[in-house]
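Have a look at the structure below, then the notes.
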Amino acid sequence: MLYSKLFPKALRQAPKDADSANAKYLIQGGFIHQEMAGVYSWLPLGLQVLRKVENIIREEINALGAQELLMPALQPKDNWLATDRWDGLDILFKLNSKIGGEIALGATAEEIITPLAKAYTGSYQDFPFALYQIQNKYRDELRAKAGVLRGREFGMKDLYSFHLDLGCLEKYYEKIAKTYLNIFKRCGLKAVRTRATGGAFSKFSDEFQVITSAGEDNIYYCSKCKVYYNNELVRAGKCPECKTKLGKPERAIEVGNIFKLKTKFSDAFNFKYIDKNGKEKPVLMGCYGIGTTRLVGTIVEANHDDHGIIWPNEIAPYKMHLIALFGKDKKINQKIKSAALAVVASEAKQSCEVLYDDREDASAGEKFAVADLLGIPERVVISEKTLAKNSIEIKNRKSGKVTMKKL
RNA sequence: CGGGCUGUAGCGCAGUUGGUAGCGCGCGUCGUUCGGGACGACGAGGCCGGCGGUUCAAGUCCGCCCAGCCCGACCA
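For what it's worth, this note's numbering labels the leading residue of the first sequence as 3, then goes sequentially.
Encoded structure:
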């Protein structure tokens, strides 16, 4: 990709309203553009990052045998009435249709997937199975905040599993928990499994929290149980299970949450299977979410410095940020240009994605500042200086380490 | 949803006792620069968030509304 053609260019100044690191750098770098409170466009650079996150999730979830589908954001009111969430879920967006009636804008997808799964299954032989999608969700939050960390329209991977018995559900639940930790690790994050309230479904649910000062949740570690607990469970500074006195809380961002729904939704939609003996039994469900857009924001919160973003390798929009520094000697400039194009070509052969800052009118300082802001892991400079040594200069964004490499 | 703050050029901001709008960056042209956001000259760019009111006259005063940000509450 030629930087001269990239839409849009990085902003020189960060927007004033952006005070969280993710909003500041993602907007300034031209990754996202705010349209209204909690609603963002994902610009080409940002979409590259988002797609990488999504694809890591796809790889990991597909490996568990779940199948991807795509459900609508427009959802029938009746389904939400069936679960008492039409009036019960305060953040639900409700739309009026010109042909009459009301429609829910999907805040989540249990109301679609449960009747959908029911429509195509019946025998115990169909189970267990799992379906997921990566789709935008809509929640009418009273207060969107912190850039992409809490939006009203946001990306989410939502996975639903269907089981014959509790043991099978619990086994799958643990498999997902393990996979989640792996997903976050690949995203360059250290996430910790954290016990949280289970809502109406079970005693606990599990959250995946990334400890960072930008977090809006407080979590506590119980050194006796070796478990993190969400603030909402902790009463009077004591571990909710073993009652050990807990230390200071840590700020964390919730990037995933998994629930054993059990029969909460299958009951609402009368979703049953026929067992070996021809008897009807309720299907047990689990649901498992990862906020994809929030994950991108969290990665920025956890990986930046005063100059900009430091993308983890697997997430970076490009692997290499190539900078050509031109001087006034036209012959040398020509050499620099062809050397740069040769690097782009040879990297392409190894399917290494390069962002090439080919601008001839931008100063060295400007190009360096943009490179730091965009946070691509490897910065490569070709200039008169490096060509004199028949080399290129490679600087690691994270470590700052500079090395020379022969052309 | 309660409390606070803010809306003026693409971005960041100034605008005095009311007199019809300015700066920096960015953008365009030309020239000089060329390893950490270079410099000069000229130039383009405005529904001063919206509606209503007061006034000879409103970016400025008054009222209502809308939007954005922050704190809190909320977050199956």
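Ideal Cβ positions, reconstructed from N, Cα and C, are used throughout, including at glycine.
By the Cβ test, the stretch 29-42 is not in contact with the stretch 99-113, since fewer than three Cβ pairs between them sit closer than 8 Å.
Per DSSP, reduced to three states, the secondary structure at Gln30 is helical. Within the stretch 61-93, the complete alpha helix (DSSP H) runs of at least 4 residues fall at 79-84, 87-90.
Around the CB of Cys244, fewer than 16 other CB atoms lie within 10 Å, so the residue is classed as exposed. Assignment of beta-bridge partners to Asp21 by DSSP yields no partner.
If you check the CB distance, Ala148 and Ser22 come in under 7 Å. In the three-state DSSP reduction, Leu151 falls in the helix class (H, G or I). By the C-beta density criterion, Val229 is buried, having at least 16 other C-beta atoms within 10 angstroms.
According to DSSP, Phe261 shares a beta bridge with Cys289. For Ala344, the number of other beta carbons within 10 angstroms of its own is below 16, and it is reported as exposed. Under the three-state reduction of DSSP, Cys170 is assigned to helix. Assignment of beta-bridge partners to Trp313 by DSSP yields no partner. The C-beta distance from Leu94 to Ala111 rounds to 13 Å, too long to meet the 8 Å contact threshold. Distance check between Asn315 and each of Leu286, Leu327, Pro10, Ile301 places Ile301 closest, using alpha-carbon atoms only.
Taking C-beta atoms as the reference points, Thr294 and Glu56 count as a pair closer than 7 Å. The residue among Ile29, Gly32, Pro74, Gln211 with its C-alpha nearest the C-alpha of Asn259 is Gln211. Spatial neighbours of Cys289 in its own chain (CB-CB distance under 6 Å, excluding positions within 5 residues in sequence) are listed in chain order as Tyr162, Phe261, Leu263.
The DSSP-derived three-state label of Gln135 is strand. The stretch 82-99 and the stretch 137-144 touch, with no fewer than 3 CB-CB distances between them shorter than 8 Å.
Taking C-alpha positions only, Ile292 is separated from Phe129 by approximately 24 Å.
Distance from the CA of Lys250 to the CA of Gln135, rounded to the nearest whole angstrom, comes to 37 Å. With at least 16 other beta carbons inside 10 angstroms of its own, Asn24 counts as buried. For the pair Tyr126 and Tyr275, the CB atoms are nearer than the 7 Å cut-off. Scanning the stretch 312-386 for uninterrupted alpha helix (DSSP H) segments of 4 residues or longer gives 332-351, 366-376, listed from N- to C-terminal end.
With the rule of 3 Cβ pairs closer than 8 Å, the stretch 321-330 counts as touching the stretch 382-395. Put simply, the backbone Cα of Ile396 is about 14 Å away from that of Leu357. Its chain contains Asn392, Ser393 as the residues whose beta carbon lies nearer than 7 Å to that of Lys408, once the 5 sequence neighbours on both sides are disregarded; these appear in chain order. Short of 7 Å from the beta carbon of Lys247, and not among the five residues preceding or following it, lie these beta carbons of its own chain, in chain order: Gly239, Lys240. With the rule of 3 Cβ pairs closer than 8 Å, the stretch 217-233 counts as touching the stretch 188-200.
Taking a C-beta distance under 7 Å as the contact criterion, Ala16 and Val372 do not qualify as a contact pair. When the Cα atoms are used, Lys387 and Lys333 turn out to be separated by approximately 14 Å. For Ile276, the enclosing beta strand (DSSP E) covers residues 274-276. When DSSP states are grouped into helix, strand and coil, Pro117 belongs to the helix group. Between Ala20 and the set Phe328, Leu8, Ile34, Pro10, the nearest pair of CA atoms involves Ile34.
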